[in-house]
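Quick notes on the structure that follows.
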Amino acid sequence: MSRDIEQWLNGLQLGQHIDTFKNNDIDLRAAVLLSDDDLKEIGISLGHRRILLAAISNLANGDAPIQERIPEVSQPYEGTAERRQLTVMFCDLVGSTELAHQLDPEDLRDVLREYQDKVTTAVARYEGFVARFLGDGIIAYFGWPTAYEDQAERAVHAGLDAVAAVATINVDPARSLSARVGIATGQVVVGDLVGEVSSDLKTVTGETPNLASRLQSEAKAGQVVISTTTRRLLGASFDLEDLGPHDLKGFSETVNLWRVIRESIAKSRFEAAQSGTLTRLVGREHELGLLSERWALAKGGEGQIVFLSGEAGIGKSRMVRDFVKSIRAESQFNLNYQCSSHHTSSAFYPISQRMRQTAGISTEDDPETKLDKLEASLLPTKDGTASVLPLFASLLSIPGEKRYGPLDLSPQQFRHRIIEGLIDQVLALSQRGPVLFIVEDVHWIDPSLSDFLGEFMSRIAGQAVLMLITHRPEFTPTWSGHAHQSLISLNRLGRKQAAEIAQSVGGQELVDAIIDRIVVRADGIPLYVEELTKSVLESLVSKEISTFEDAIPATLQSSLVARLDRLEEAKEIAQIGAIIGREFSYSLLIALAEKPETEVANLLDRLVQSGLVFRRGMPPEATYTFKHALVQDAAYNTILLSRRRQLHARIVTVLEARSGTRQEDRTNLIAHHAFQAEDWEAAFKYSQEAGLNAMDRAAIREAAALFGQALAAGAKIPETRELQERSIDLRFELRNALWSTGAFEEILIHLNDAELLATRIEDSIRIGWISVYRSASLWQIGRSADARHAAQEALTINKAPGDLSLEIGANFYLGCATVTSGDCRLAETHFQNVSDVLEGDL
Numbered sequence: 001m002s003r004d005i006e007q008w009l010n011g012l013q014l015g016q017h018i019d020t021f022k023n024n025d026i027d028l029r030a031a032v033l034l035s036d037d038d039l040k041e042i043g044i045s046l047g048h049r050r051i052l053l054a055a056i057s058n059l060a061n062g063d064a065p066i067q068e069r070i071p072e073v074s075q076p077y078e079g080t081a082e083r084r085q086l087t088v089m090f091c092d093l094v095g096s097t098e099l100a101h102q103l104d105p106e107d108l109r110d111v112l113r114e115y116q117d118k119v120t121t122a123v124a125r126y127e128g129f130v131a132r133f134l135g136d137g138i139i140a141y142f143g144w145p146t147a148y149e150d151q152a153e154r155a156v157h158a159g160l161d162a163v164a165a166v167a168t169i170n171v172d173p174a175r176s177l178s179a180r181v182g183i184a185t186g187q188v189v190v191g192d193l194v195g196e197v198s199s200d201l202k203t204v205t206g207e208t209p210n211l212a213s214r215l216q217s218e219a220k221a222g223q224v225v226i227s228t229t230t231r232r233l234l235g236a237s238f239d240l241e242d243l244g245p246h247d248l249k250g251f252s253e254t255v256n257l258w259r260v261i262r263e264s265i266a267k268s269r270f271e272a273a274q275s276g277t278l279t280r281l282v283g284r285e286h287e288l289g290l291l292s293e294r295w296a297l298a299k300g301g302e303g304q305i306v307f308l309s310g311e312a313g314i315g316k317s318r319m320v321r322d323f324v325k326s327i328r329a330e331s332q333f334n335l336n337y338q339c340s341s342h343h344t345s346s347a348f349y350p351i352s353q354r355m356r357q358t359a360g361i362s363t364e365d366d367p368e369t370k371l372d373k374l375e376a377s378l379l380p381t382k383d384g385t386a387s388v389l390p391l392f393a394s395l396l397s398i399p400g401e402k403r404y405g406p407l408d409l410s411p412q413q414f415r416h417r418i419i420e421g422l423i424d425q426v427l428a429l430s431q432r433g434p435v436l437f438i439v440e441d442v443h444w445i446d447p448s449l450s451d452f453l454g455e456f457m458s459r460i461a462g463q464a465v466l467m468l469i470t471h472r473p474e475f476t477p478t479w480s481g482h483a484h485q486s487l488i489s490l491n492r493l494g495r496k497q498a499a500e501i502a503q504s505v506g507g508q509e510l511v512d513a514i515i516d517r518i519v520v521r522a523d524g525i526p527l528y529v530e531e532l533t534k535s536v537l538e539s540l541v542s543k544e545i546s547t548f549e550d551a552i553p554a555t556l557q558s559s560l561v562a563r564l565d566r567l568e569e570a571k572e573i574a575q576i577g578a579i580i581g582r583e584f585s586y587s588l589l590i591a592l593a594e595k596p597e598t599e600v601a602n603l604l605d606r607l608v609q610s611g612l613v614f615r616r617g618m619p620p621e622a623t624y625t626f627k628h629a630l631v632q633d634a635a636y637n638t639i640l641l642s643r644r645r646q647l648h649a650r651i652v653t654v655l656e657a658r659s660g661t662r663q664e665d666r667t668n669l670i671a672h673h674a675f676q677a678e679d680w681e682a683a684f685k686y687s688q689e690a691g692l693n694a695m696d697r698a699a700i701r702e703a704a705a706l707f708g709q710a711l712a713a714g715a716k717i718p719e720t721r722e723l724q725e726r727s728i729d730l731r732f733e734l735r736n737a738l739w740s741t742g743a744f745e746e747i748l749i750h751l752n753d754a755e756l757l758a759t760r761i762e763d764s765i766r767i768g769w770i771s772v773y774r775s776a777s778l779w780q781i782g783r784s785a786d787a788r789h790a791a792q793e794a795l796t797i798n799k800a801p802g803d804l805s806l807e808i809g810a811n812f813y814l815g816c817a818t819v820t821s822g823d824c825r826l827a828e829t830h831f832q833n834v835s836d837v838l839e840g841d842l
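Sequential numbering of the sequence shown, starting at 1, is according to the working numbering.
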């Protein structure tokens with residue numbers, strides 16, 4: 001019995017008694033001998049004594065603690081802690097203290113075990129991870145150790161199932177248990193929890209677990225309450241009640257809460273995810289034309305099968321929706337079936353969901369009412385419906401033996417009869433009018449539905465049916481070889497088309513420069529364009545637009561990280577590649593990976609095979625590119641900040657030692673990685689050097705940005721006279737770059753900063769040049785009097801040391817400003833001074 005008494009008490013959510021147990025020399029060996037009188041003697045309250053006695057009974061009987069009964073979960077790869085978006089579910093048993101008062105410890109133990117088993121089963125059904133047991137509280141994660149694009153939806157399903165399951169536990173004939181659930185989504189740092197449940201609350205850091213706990217405490221018995229971010233991710237997947245803003249302990253601002261009522265009856269994932277008005281479908285005219293051609297053939301009795309393929313977010317569901325809308329005026333029947341990522345093992349799941357919806361069957365209906373509705377919804381077929389009614393009732397889990405008698409069929413016979421019955425229903429419908437039969441996301445299809453589709457495809461050749469099936473490219477359909485079958489692949493949009501979507505979503509709020517940034521990051525994926533644009537609009541409202549390029553909308557994060565998690569060990573290589581950049585070389589990755597080259601090469605092959613990374617050339621000269629900028633961003637954002645800095649610093653060291661890369665490219669790279677590594681001295685040096693290189697190439701705006709980066713790095717370095725001199729000179733270089741862009745007001749701001757530094761170190765020459773440059777900018781913006789004053793200051797400052805260049809500059813701008821004010825004779829004098837100095841210098 002190796003477990004520590006402190007961990008044991010924390011696991012029971014009774015950590016406040018740790019000191020009491022230690023002061024009385026009670027370890028786990030002594031704990032199994034404690035009685036109620038013993039606990040009373042050391043000052044434990046009645047309710048806590050009951051909980052402790054139940055736990056002691058577990059120990060005394062040799063039963064494994066509940067933590068040790070949790071299935072072991074392994075990470076996608078053996079890595080360090082990660083940053084990621086997590087959905088946390090906190091479930092609590094209502095009235096547990098009263099229960100402890102009323103039940104014998106053994107009975108309480110059995111009740112708690114059943115409660116825990118019900119909740120953990122619900123969590124496991126949706127592939128969540130039970131992280132901790134806190135007495136009668138249970139914390140579960142959705143999105144770790146493996147991310148899912150619909151993890152918020154999975155958490156809510158699990159929460160609803162959990163409270164429903166707990167309600168079936170009877171304490172006595174007159175009373176059942178109830179639970180309440182809080183669910184929150186947010187950014188966390190999650191550590192390595194492989195094979196154990198830690199009692200340390202810091203296994204996940206961030207406010208999300210605390211928020212989930214607070215939401216749970218606001219929920220009433222049997223309720224599931226969710227946070228704002230979770231609600232945004234759900235779209236219209238569930239019917240919700242807005243509970244309004246609440247003041248929660250530990251949160252400085254009010255938090256909006258929503259209660260989940262039930263799953264909604266949205267027909268597809270696309271419809272569930274949408275809110276508000278949709279933008280116009282862009283760039284799919286050709287594909288819509290092909291669908292219209294196949295529809296025309298199907299209406300004429302030549303059944304057609306169309307596979308619509310495209311990566312996540314490319315617009316498959318949107319195109320289906322617009323096609324359905326385009327033929328709505330025609331006489332036709334639309335049957336839409338949506339496959340689900342968390343029901344891949346539920347036989348005929350999309351069919352049963354559609355049947356319930358069509359029949360109007362509600363969970364509140366009694367069995368007889370459900371059967372009546374089912375019978376009314378079926379179409380008469382040549383063999384009648386009597387033979388399929390008991391089959392369909394069984395498929396929908398409606399007790400039908402009383403009405404139809406028992407089903408005496410083997411599983412194989414049952415499935416065959418179901419498939420035949422379903423086909424007969426669709427074909428009967430096609431006799432009344434053409435049928436558009438849609439199955440979306442068949443990459444998540446269950447085996448039974450797959451068998452049905454395979455059989456149905458061979459039966460529609462001479463029927464008025466268009467079967468439209470959507471899937472992602474990684475899915476290979478097993479149904480092929482039909483003459484009436486065709487494939488439409490959706491490719492990424494061009495920049496002009498993507499910009500049109502961004503403009504449509506953003507309206508007049510977005511300037512062209514921001515739209516261009518959105519388009520570049522979205523890489524032609526319509527969903528990415530829309531979500532990034534919405535994120536920018538939110539940033540504009542909160543005045544945080546500067547963080548736009550670092551942020552990934554919450555609606556995309558889980559989907560992107562899920563793709564990375566499927567890489568398993570290769571994910572770490574993707575993360576290192578993301579540190580290097582959108583494009584990275586084989587040789588640099590090998591230098592950073594700290595693994596044998598053969599192992600890294602194999603993992604790179606895995607990355608390429610996944611489709612997330614493209615390769616150009618062959619190792620060791622190969623170069624790799626992330627397929628999407630947002631995939632690179634997602635990989636980068638999962639890495640801890642401390643780990644990022646380490647890798648960026650190692651890149652600086654490697655690049656400094658190399659000479660093969662073109663000098664200006666090398667300098668730019670080192671500047672970037674030094675800044676990210678927070679090596680401020682190197683960042684200052686290389687950013688300035690990169691800015692000067694850019695000026696030589698007339699890349700003025702790039703130079704200004706690099707000089708600005710150097711200034712930001714310089715602000716982090718301890719001040720010395722040398723640094724202050726370099727910082728002033730850097731502002732002079734920045735002034736030269738900004739001058740070419742006409743940013744004279746901005747120049748004045750930087751000159752003011754330079755003057756403060758020069759005054760501090762009493763550098764009269766630099767102060768004089770600041771006055772000259774200030775005079776020039778003031779003259780450019782029409783402030784002639786101020787320009788003359790600044791130039792006169794420069795001449796006054798220059799009298800002692802006598803810098804000829806400075807004197808020339810001061811006289812020149814003094815002359816310019818004087819001309820502008822209308823005194824040409826005086827201006828001529830200043831220009832003559834310039835000439836005299838030049839002649840004297842020669």
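Glycine included, every Cβ here is placed at the ideal spot set by N, Cα and C.
No experiment lies behind these values; they were computed from the predicted model shown.
query, result
"What do you get for G782, buried or exposed, if any count of 16 or more other CB atoms within 10 angstroms of its CB means buried?", "exposed"
"Since W739 and I728 are thought to touch, with beta carbons under 8 angstroms apart, how far apart are those beta carbons, to the nearest angstrom?", "Incorrect: roughly 17 angstroms between the Cβ atoms, too far for contact."
"Beta-carbon within less than 8 angstroms of V608's beta-carbon, same chain only, minus the 5 sequence neighbours each way: which residues are those?", "F614, R615 and Y624"
"List the residues that DSSP assigns as beta-bridge partners of H471.", "S309"
"Would you call the segment 473-483 and the segment 330-342 touching, i.e. three or more CB-CB distances under 8 angstroms?", "no"
"State the DSSP-derived secondary structure class of R132, mapped to helix, strand or coil.", "strand"
"Classify L843 as helix, strand or coil using the three-state DSSP reduction.", "Nothing in the structure corresponds to residue 843, since the chain is present only between 1 and 842."
"What are the residues that DSSP puts in a beta bridge with M89?", "A140 and I183"
"Could you tell me the alpha carbon to alpha carbon distance between D843 and D110, rounded to whole angstroms?", "Examination of residue 843 is not possible in this model, given that the chain is present from 1 through 842 alone."
"Across the segment 255-267 and the segment 212-232, are there enough close Cβ pairs to call them in contact, namely three or more that are closer than 8 angstroms?", "yes"
"Could you check whether A174 and V166 sit closer than 8 angstroms to each other, using their CB atoms as the reference points?", "no"
"Identify which residue in A629, Y686 and E621 has its Cα closest to the Cα of T653.", "Y686"
"Within its chain, find whatever has a CB closer than 8 angstroms to the CB of R356; leave out the 5 residues flanking it on each side and keep chain order.", "L396"
"In the DSSP assignment, find the unbroken alpha helix (DSSP H) run with Y686 in it and report its ends.", "W680 to D696"
"How close, in whole Å, do the beta carbons of A140 and V123 come, if the pair is a contact with beta carbons under 8 angstroms?", "4 angstroms"
"Just to confirm before moving on: does the CB-CB distance between G454 and G303 stay below 8 angstroms?", "no"
"Name the DSSP bridge partner or partners of L257?", "G244"
"Pick out whichever of L734, M695, A677 and A737 has its Cα sitting closest to the Cα of K716.", "A677"
"Since Y586 is in the beta strand (DSSP E), which residue starts that stretch and which ends it?", "That residue, Y586, is in no beta strand (DSSP E); its alpha helix (DSSP H) goes Y586 to A593."
"So what does DSSP say about Q357, is it helix, strand or coil?", "helix"
"Go to R616, then tell me how far its beta strand (DSSP E) extends in each direction, as first and last residue.", "V613 to R616"
"Residues bridged to F626 by DSSP?", "V613"
"Nearest-angstrom Cα distance between L630 and H342?", "25 angstroms"
"Span of the alpha helix (DSSP H) holding E218?", "T208 to E218"
"Would you kindly work out how many angstroms separate the C-alpha atoms of S227 and V561, rounded to a whole number?", "21 angstroms"
"Spatial neighbours of I5 within its chain, please: CB distance less than 8 angstroms, with the 5 preceding and 5 following residues excluded, ordered by chain position.", "I18, F21, K22, I26, D27, L28 and A31"
"Which value, in whole angstroms, describes the spacing of the CA atoms of M457 and P390?", "25 angstroms"
"When burial is assigned at 16 or more other CB atoms within 10 Å of the CB, is H628 buried or exposed?", "buried"
"By DSSP, does L177 sit in helix, in strand, or in coil?", "coil"
"Between the alpha carbons of L288 and R666, how many angstroms are there, rounded?", "47 angstroms"
"By Cβ distance, which residues of its chain are closer than 8 angstroms to G714, with the 5 residues on each side in sequence left out?", "W680, F684, L723, R726, S727 and L730"
"As a quick exercise: from I469, A55 and V189, pick the residue whose alpha carbon is nearest that of W8.", "A55"
"When the Cα atoms are used, what is the spatial distance from V388 to L422?", "9 angstroms"
"Look at Q425 and L466 and say whether their C-beta atoms are less than 8 angstroms apart.", "no"
"So, using beta-carbon positions, are L39 and L52 closer together than 8 angstroms?", "yes"
"If you run the structure through DSSP and keep just helix, strand and coil, what is R644?", "helix"
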